[in-house]
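Asks: This is the structure I have questions about; it appears just below.
Number of protein chains: 2
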Amino acid sequence: MATTKTESQVQQWTNLAQQLRVDSIRCTTAAGSGHPTSSMSAADLMSVLMMNYLKYDFSNPQNPNNDHLIFSKGHASPLLYSMYKAAGAITDEELMTLRKFGSRLQGHPTPVLPWVDVATGSLGQGLPIGVGVALAGKYLDKLPYHIWVLLGDSEMAEGSIWEAFDHGLHYKLDNLIGILDCNRLGQRGETELGWNIDAYAARAKGFGWNAIEIDGHNYDEINNAYAQAAQTQGVPTLIIAKTIKGKGVSFLENASGWHGKSLNKDQEAQAMKELNPVRSQTFPVQKPAAGQLSPKAPKKALALPKYDAKNGAATRKAYGDTLVALGAANPDVVAMDGEVSNSTHADEFAKAYPDRYFEQYIAEQQLVAAAVGMSVRHKIPFASTFAAFFTRAYDFIRMASVSQANIRLVGSHAGVSIGQDGPSQMALEDLAMMRAVYGSTVLYPCDPNQTAQLTAAMAEHDGIVYMRTTREKTPTIYSSDDQFAVGGSKVLHQSEKDQATIVAVGITLHEALKAYDQLQSEGITVRVIDAYSVKPMDEETLLAAAQEAGNKILTVEDHWPEGGLGEAVMEVFSQRDGLMPEIVKLAVQGMPGSGTPDELLEEAGISAHHIMQAVKALVKHNQ
Amino acid sequence: MATTKTESQVQQWTNLAQQLRVDSIRCTTAAGSGHPTSSMSAADLMSVLMMNYLKYDFSNPQNPNNDHLIFSKGHASPLLYSMYKAAGAITDEELMTLRKFGSRLQGHPTPVLPWVDVATGSLGQGLPIGVGVALAGKYLDKLPYHIWVLLGDSEMAEGSIWEAFDHGLHYKLDNLIGILDCNRLGQRGETELGWNIDAYAARAKGFGWNAIEIDGHNYDEINNAYAQAAQTQGVPTLIIAKTIKGKGVSFLENASGWHGKSLNKDQEAQAMKELNPVRSQTFPVQKPAAGQLSPKAPKKALALPKYDAKNGAATRKAYGDTLVALGAANPDVVAMDGEVSNSTHADEFAKAYPDRYFEQYIAEQQLVAAAVGMSVRHKIPFASTFAAFFTRAYDFIRMASVSQANIRLVGSHAGVSIGQDGPSQMALEDLAMMRAVYGSTVLYPCDPNQTAQLTAAMAEHDGIVYMRTTREKTPTIYSSDDQFAVGGSKVLHQSEKDQATIVAVGITLHEALKAYDQLQSEGITVRVIDAYSVKPMDEETLLAAAQEAGNKILTVEDHWPEGGLGEAVMEVFSQRDGLMPEIVKLAVQGMPGSGTPDELLEEAGISAHHIMQAVKALVKHNQ
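Chains as they are written, first to last, in our numbering: chain R, -10 to 612; chain Z, -10 to 612.
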């Protein structure tokens, strides 16, 4: 197959490629928008891939032996959908629903379609996610499937692409093949490197990859490149294909002003004449051989670590301990970290289960992308770094939500309470960032036993689940028998005399408890709620507290004032009829520097002392 | 200087390097934390740089001719501060305040110190910001200063580093010199590439840089490398120095377990014996030659574009028009974009002022970093891309705030109202993300005349200023005489009969106006507020509205429910005594797909129709 060809084979490749071009034009013209020319440049590349190399069972997208085809250049979705039609997976009628309200065929691919692994359209994400799938294939599934990633030339400027190159080499991912559709023209003109495919090759080789330069419209060269890539061992391959944007239609070829633009009906008719269309042929795709998933250890009962009330422990430490317990119980649990595993305590898992731990070094985009790739292969990934550094991967987290990925992110060293290291290391916006992810769950424990239970809950919870942990050792206030769940809260102090409610979480919960004692000694009784499930929040408990405790609420958080605990609490009350309670929010008010945790909590205005003052002001008013 | 050396020169380099080591140990021991060993590996590199190559007027950090020294490996701050002491800029007494509460010498460098350009500590940021400073130096200031960036080996895994490599080559930044302190050991063990300095060189060369491999403790090699780098024309240089972590003290050299760890008093005493310390010598740094900044066009009066009420216009278009007007008025205004300038309309500026426009291609981290670098050199940078893609640069935006940078970010294509392109292109978390940046300003106009005024206001406003623009053409509802300012709002409908207030912004303001008309026709009168300044918000107008219009407020936004307009409005009321108003929030409720803007606004629950229903429910209640 690889190095021979017959006349009829070339004819078949041509037939398929031309059909893909025809359909890419037709569906975008029907939609009135979209990217036909970005599709046409890669039609020859995809024709040969689909006909001779891709192993995919369209009737069973969950077949573990399937190859994975990721369109990192998601705007070439018309090409992808045209391939689905050519494979017989969708009808021509459905193809013509592209970009219409309610259609599965969105402007950029999403897993609303069962053959799409992950949403793309934010450039530079397909390859790093491909690295994640390739890690699962090579080291966990141990199946010979390939991950084919179609790349655009513009997206090669994204740093995340080079994180993927770095990791592809490090993990020797010879099951990963990038196909660079170098059509020279970006959205607004020539790309940075234009048709300088040698420059792309130099970069890929500089990162240790096998690089193959070809004419992306020469079937022989395409075919040989795939054959060579599929046989390459020990390193990933990048095929760099020099292509022509709009290839196949004279007035579109290499023409400016045609990015992201559909043809009108007249232009379509003209194009059809040039393409001599074959519109409805089905081209069967080879199914993969029936390989067996690598045998896994059996599942066991989960034995959570327990923490003694006599000793404090940092929640980050409890996270690490629990991750090991989860690893023992469930062979699908995998972990990765951004070269700070001795701080996040993911290193405990790395030591216990080295074959299920994937170091991602200081590359947070790749860290999240690897987790998303693991999710594609139904692993249960936990990815950790300093909470502040997840900001580096926010676009990947946002897109993971569109991808319907199930990933667990754990950010340590939250807030000013980290102390001396200073503001660059302090997460003060992570709650806002993570709350504003569709369908996300946001947890923030204050205690090791609570952390253990919530970490276990994360493994069972779908979607984007985030947990914030604390650097400092804090008191153990819960017993290992206490129960904690997503959507729950804990009322720590409650009486009929409550004049107000303090809602705290994580490090500030301990400040709230100190404030409670002092207030109590001064004759002021308050309710104290640990709102450890920041999203979703325990509405019932908050509503009851407002009703029973003077309709006065104080929130306190180690976070900027915007988008965190306080606003989450207000959100609960805004969904109810009637006036909202009196709500006062304490949050970090100025840019912190270095100092001890206590000094910084005090300066930020979120210490026990500030809580006490704020409660006094709150209950004095209206008296 | 470059290629000769005398015995006494080597002795001087040694003296300075040993003093830097001694002081790096002393100040971290005094602090009880910090990174002495990461400082010691680079002490020889910095000694030669400081003594023979760095041109810096410590008495005048704002001298435009000064070189820029950026510690991308910010955790080596003890070394940087020890250099300041050696240069006579700070006293030994101040050095010993490292990491203490109130000290300027924080755990990682910040511009609280006048000689620090930008905050570092989130790895991988120093080099891309250095690219921004280098762009300013080569193309705007046209001064021969150099940008020296000290890099750690761990951070070479960050994709942002390779965005900087890409742009350094593209813009031929021969004034930019990276110094890679390859000490092999990261936080938790060996780095990905260890001492394989050839691998780093291959990557740098793959990206077209001049790469020089040296022994980082051989003064001759260090000196020759700097000399060669300073003379290199047309491309940037990376000096790859093989170094030993903890160099100079036997029990620290190349030893595991010493990352981010200070010595105790006994260990310090032992180290001092080995280093034969010279503790208080001052080593003068050469001042730069007195070059003149490139002459600029004179400032002119600003002539804002004006939009006719008869025609609608997209706010993104008004942004582009206004940017050109700002460019005409103020020669310090510069612009950059992430290869979507024909969508954001930054291309208008690029055409009008090509010498002040810097294309950053699809590399959003570099986009923001370039703006930060421009801010270091007192330019007025406007950086634009799709609002959704600023999520890619959130860590850079967060750190820009710590850096006290003055940058303007403009994100287009916000919300579901973009239509067919689908969720990957829709910013639905940008308001939350940008609100949660310390000292940020967040603007969201609904009209071209308003956009013009707010864009002009951005140029005058310090800090991180963000504007969200809309893809779709919207009606022009304001005249060019209307006034808009940061912190303002506009009441569009107001009467004594107001039963509730609708607070809307951007695209939903137009939906609110439609709803107003329909409600009015049904006998329900409401106040309508355009809260275009999302942060800071016009508290006075909101408080008055609550008081005068039934204490009932409806907010509506094209954004996820978390962290956006609705929560910003609640924030205003939470700062007041007494119960909060009844607040109902409309925001995007489900994951959108493709569709027309109207279909998607309706599906998201934020159309005029939904606003009307929500207002009716709000005013019916309590009647």
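Think of the CB as a built atom: it goes at the ideal place given N, C-alpha and C, for glycine as much as any other residue.
What you are looking at is a predicted structure, and each value in this text was computed from that prediction instead of being measured.
1) Does chain R have any CB closer than 7 Å to the CB of Z/M580?
2) Check whether the Cβ atoms of Z/K231 and Z/I186 lie closer than 7 Å to each other.
3) So, is the C-beta of R/Y427 closer than 7 Å to a C-beta in chain Z?
4) Do three or more CB pairs link the region 252 to 271 of chain Z to the region 159 to 176 of chain Z at distances below 8 Å?
5) Starting from the Cα of R/E461, find the closest Cα among R/H482, R/I496, R/Y427, R/Q472 and give me that residue.
6) When burial is assigned at 16 or more other CB atoms within 10 Å of the CB, is Z/T440 buried or exposed?
7) Can you tell me whether Z/C171 is helix, strand or coil according to DSSP?
8) Look at the alpha carbon of R/L532 and the alpha carbon of Z/T430, and state the distance between them as a whole number of angstroms.
9) Excluding the 5 residues flanking Z/G408 on each side, which residues of the same chain have their C-beta closer than 7 Å to its C-beta?
10) Quick check on R/F60 - is its C-beta less than 7 Å from some C-beta in chain Z?
11) Please go through the same chain and pick out, in chain order, the residues whose beta-carbon is closer than 6 Å to the beta-carbon of R/S143, but skip the five residues on each side of it.
12) Between Z/N689 and the rest of its own chain, which residues show a CB-CB distance below 7 Å, the 5 nearest in sequence each way excluded?
13) Would you grab the beta carbon distance between Z/F385 and Z/G400 for me? Rounded to a whole angstrom, and I think it's under 8 Å.
14) Between the Cα of Z/Y42 and those of Z/A6, Z/P277, Z/T226, Z/M145, spot the shortest distance and give me the residue it belongs to.
15) Would you call the region 535 to 551 of chain Z in contact with the region 50 to 65 of chain R, where contact means no fewer than 3 C-beta pairs closer than 8 Å?
16) Any contact of the region 410 to 419 of chain R with the region 311 to 323 of chain R, i.e. 3+ C-beta pairs under 8 Å?
17) Let me check one thing: in DSSP terms, what residues is Z/A621 bridge-paired to?
18) Give the DSSP-derived three-state secondary structure of R/Q612 in the structure shown.
19) Is the CB-CB distance between R/I150 and R/T226 below 7 Å?
20) Within this structure, are the beta carbons of R/G452 and R/G428 separated by less than 7 Å?
21) Would you say Z/W137 reaches chain R, if we count a Cβ-Cβ gap shorter than 7 Å as a contact?
22) So which residues of chain Z does R/W198 contact, with C-beta pairs closer than 8 Å?
23) With respect to the alpha helix (DSSP H) encompassing R/R460, which residues constitute its N-terminal and C-terminal limits?
24) For Z/E511, would you say it is in contact with chain R, using Cβ-to-Cβ distances shorter than 7 Å as the test?
25) Please confirm whether Z/S494 has its beta-carbon closer than 7 Å to some beta-carbon of chain R.
26) Please identify the residue among Z/Q95, Z/V11, Z/H24 whose C-alpha is closest to the C-alpha of Z/G141.
27) Start and end of the alpha helix (DSSP H) containing Z/K74?
28) Closer than 9 Å, Cβ to any Cβ of chain Z: which residues of the region 376 to 391 of chain R, in chain order?
29) Considering Cα atoms alone, identify which of R/T374, R/P284, R/A302 is closest to R/L129.
30) Quick one: give me the first and last residue of the beta strand (DSSP E) that Z/D326 is part of.
31) Pick from Z/R268, Z/A6, Z/H248: whose alpha carbon is nearest that of Z/L84?
32) Along the alpha helix (DSSP H) that carries Z/I496, what are the first and last residues, could you check?
33) Give me the Cβ distance between Z/D470 and Z/A538, rounded to the nearest whole Å; I'm assuming they're in contact under 8 Å.
34) Ordered along the chain, which non-local residues of its own chain (more than five positions away) have a Cβ less than 6 Å from that of Z/T463?
35) Examine chain Z for any beta-carbon lying closer than 7 Å to the beta-carbon of R/G539, and answer yes or no.
36) Count the other CB atoms, across all protein chains shown, that sit within 10 Å of the CB of Z/V122; report buried if there are 16 or more and exposed otherwise.
Replies: The short version:
1) yes
2) yes
3) yes
4) no
5) R/I496
6) buried
7) strand
8) 33 Å
9) G584, T585, P586, L589
10) no
11) G175, T180
12) No information on residue 689 of chain Z is available, as it lies outside the stretch -10 to 612 that chain Z covers here.
13) With a Cβ gap of about 14 Å, Z/F385 and Z/G400 do not count as contacting.
14) Z/P277
15) no
16) no
17) Residue 621 of chain Z falls outside the range modelled here, since chain Z spans only -10 to 612, and no answer is possible.
18) Only weak support exists for where R/Q612 lies, its pLDDT of 48 falling under 50; the coordinates are left without a value.
19) no
20) yes
21) no
22) Within 8 Å Cβ-Cβ: nothing; R/W198 doesn't reach chain Z, min ~10 Å.
23) Segment: none, R/R460 is in no alpha helix (DSSP H) and carries neither H nor E.
24) no
25) Ser is not the amino acid found at residue 494 of chain Z; the sequence shown has Val there. No, Z/V494 lies away from the interface with chain R (no Cβ there is under 7 Å from its Cβ).
26) Z/H24
27) 66 to 75
28) A377, F378, F379, T380, R381, A382, Y383, D384, F385, I386, R387, M388, S390, V391
29) R/P284
30) 322 to 326
31) Z/R268
32) 496 to 510
33) Rounded, the Cβ-Cβ distance is 27 Å, inconsistent with contact.
34) G301, H499
35) no
36) buried
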